[in-house]
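Following the working numbering, the numbering of the sequence shown begins with 74 at its first residue and continues without gaps.
All C-beta atoms in this analysis are idealised placements derived from N, C-alpha and C, irrespective of residue type, glycine included.
Below you'll find the structure, written out as structure tokens, and then a few comments.
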Amino acid sequence: MGTVQTIQMARRTGFCYGVREAIDKAKESAAAGKLTHTLGQNVHNEGVVRDLAALGVRTVESLDHVDHGAAVVIRAHGVRPDVMERANARGLEVIDGTCTWVIQEQRELVKLVEEGYTIVLLGTPKHPEVVGLLGFAPDAIVVDEEEEWATAIPRKKRMALISQSTQPPWKFEKLAAFMTSRAHELKIVNTVCPVTIRRQEDTLEAAREVDLMVVVGGRSSANTKELTRLCGIAGTPAIQIESVRDLTDAAVFDGRTVVGVTGGTSTPIEDLHAVAQRILELAGTPEAAANARALADAALAAAATPAGRTTSLPNVIAPTAGAA
Ligand code: SF4
Numbered sequence: 074m075g076t077v078q079t080i081q082m083a084r085r086t087g088f089c090y091g092v093r094e095a096i097d098k099a100k101e102s103a104a105a106g107k108l109t110h111t112l113g114q115n116v117h118n119e120g121v122v123r124d125l126a127a128l129g130v131r132t133v134e135s136l137d138h139v140d141h142g143a144a145v146v147i148r149a150h151g152v153r154p155d156v157m158e159r160a161n162a163r164g165l166e167v168i169d170g171t172c173t174w175v176i177q178e179q180r181e182l183v184k185l186v187e188e189g190y191t192i193v194l195l196g197t198p199k200h201p202e203v204v205g206l207l208g209f210a211p212d213a214i215v216v217d218e219e220e221e222w223a224t225a226i227p228r229k230k231r232m233a234l235i236s237q238s239t240q241p242p243w244k245f246e247k248l249a250a251f252m253t254s255r256a257h258e259l260k261i262v263n264t265v266c267p268v269t270i271r272r273q274e275d276t277l278e279a280a281r282e283v284d285l286m287v288v289v290g291g292r293s294s295a296n297t298k299e300l301t302r303l304c305g306i307a308g309t310p311a312i313q314i315e316s317v318r319d320l321t322d323a324a325v326f327d328g329r330t331v332v333g334v335t336g337g338t339s340t341p342i343e344d345l346h347a348v349a350q351r352i353l354e355l356a357g358t359p360e361a362a363a364n365a366r367a368l369a370d371a372a373l374a375a376a377a378t379p380a381g382r383t384t385s386l387p388n389v390i391a392p393t394a395g396a397a
């Protein structure tokens, strides 16, 4: 018999505004009857990709797969400037979904290059946001884990430090401290996104009040991994899953009465609702299991992120067959 009585959702979770806006732009474009593509997946989330596909939005990995005149949505992570130029040169309708915060990062990088700094970028190499940022500062040194810092970061007279939006604030601060011994002049541009910081605070708060945390997000997502790590710091065991489908083993919930749920910036709130419901069905007390749906609804209602936050749009209807 299961022991879980209730689910507590982290207060602010679900998509971050950057991801939501980019998805909305793709939906709006499709609803306007335009042949719409996204360059790379807006988010690595099956449900979202399926929803967009149902609206006629195609995901392409290269601009070569977009016909002249069609619309292409740039995802929240942004792209290198040459990609934008190429899309324009090819006569595509570019719908720029680059998050405003990422645009700010790009501008800051351009300034740092102009000012002649040796730039260190804290980020996950090959992450689309980092790849895009490097287009603005090709010589920037990308560093991630602490073990690499001493060898990767040279000693220079003038250095600057900047960050990918979803890097943990503690890591940025630690790297800034490290770099003070590497440069005579050190310019620090803190571009850790406030959404990331708030999400981490709320996850920590939830973790302190529950018996077990379930963190939902991509396996390689830096911000999701960080949430799991923070739960450990709070002394609360945590499991990280990609989707509700990973919840098959009731044993992990044995003896837990209150379970917390949180998610990375690319995880829609609807997925968290599904996870909450599944936990209760799988490992709830008989009463909780019987009321799983209502309890999941209540958990979602108690979060600051309202239901339906996957999109800010009213229901977007797929264009009828034959629409251009
Ligand atoms: S995490 Fe922040 S910077 Fe990155 S896409 Fe979301 S809102 Fe924008």
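Q | Check: Trp243 C-beta below 7 Å from any heavy atom of ligand 1 | A | Using a cutoff of 7 Å, the CB of Trp243 does not count as near ligand 1, since none of the ligand's heavy atoms is closer than that.
Q: Kindly examine ligand 1 and report whether one of its heavy atoms sits closer than 7 Å to the Cβ of Gly91.
A: Checking the Cβ of Gly91 against ligand 1 gives yes.
Q: Kindly provide the ranges of any alpha helix (DSSP H) runs that are 4 or more residues long and lie completely inside the stretch 214 to 299, ordered along the chain.
A: 219 to 225, 242 to 252, 267 to 282
Q) Counting Cβ pairs, one atom from each stretch, are 3 or more of them under 8 Å apart for the stretch 250 to 258 and the stretch 274 to 281? A) no
Q) Is Ile222 near ligand 1, in the sense that its beta carbon is under 7 Å from a heavy atom of that ligand? A) Note on identity: in this sequence residue 222 is Trp, with Ile being the wrong assignment. No, Cβ of Trp222 sits at least 7 Å from all heavy atoms of ligand 1.
Q) Can you find a C-beta in chain C that's less than 8 Å from the C-beta of Val116? A) Any reference to chain C falls outside this structure, which holds one protein chain only.
**Q.** Given His141 as reference, the closest of Val152, Thr109, Gly129, Gly120 once Cα atoms are compared
**A.** Thr109
Q) Shortest alpha-carbon distance to Met286 belongs to which of Val325, Asn364, Lys107? A) Val325
Q: Could you tell me the distance, in whole angstroms, from the CA atom of Asp169 to the CA atom of Ala223?
A: 37 Å
Q: Helix, strand or coil for Asp212, going by three-state DSSP, please let me know.
A: Coil at Asp212, not helix or strand.
Q. Taking C-alpha atoms, which residue in Pro154, Arg228, Gln177, Arg163 lies nearest to Gly205?
A. Pro154
Q | Burial state of Met74 (16 or more Cβ within 10 Å) | A | The residue is exposed, with fewer than 16 neighbouring Cβ atoms inside 10 Å.
Q | At least 3 beta-carbon pairs within less than 8 Å: the stretch 164 to 178 vs the stretch 119 to 126 | A | no
Q. Is the beta carbon of Ser316 less than 8 Å from the beta carbon of Asp344?
A. The answer is yes: Cβ separation under 8 Å.
Q. Hey, out of Val288, Asn263, Leu368, whose CA is closest to Gln273's CA?
A. Nearest to Gln273 by C-alpha distance, out of Val288, Asn263, Leu368, is Val288.
Q.
Suppose you measure from the CA of Ala380 to the CA of Gly196; what does that come to, to the nearest Å?
A. At Ala380 the pLDDT is 49, less than 50, meaning the model places this residue with poor confidence and gives no usable figure here.
Q) Apart from the five residues just before and just after Val77, which ones in its own chain have a Cβ nearer than 8 Å to its Cβ? A) Excluding residues within five positions, the ones whose Cβ falls inside 8 Å are Phe326, Arg329, Thr330, Val331, Val332, Ile352, Leu353, Ala356, Gly357, Thr358, Ala361.
Q.
With a threshold of 8 Å on Cβ separation, who are the neighbours of Ala397 within its own chain once the five nearest residues in sequence on each side are excluded?
A. Here Ala397 scores only 34 on pLDDT, less than 50, and its place in the model should not be relied on; the value that follows carries that caveat. Excluding sequence neighbours, Ala397 sits near Gly106, Lys107, Leu108.
Q: Apply the 10 Å Cβ neighbour rule to Met82 and answer buried if 16 or more other Cβ atoms are within range, or exposed otherwise.
A: buried
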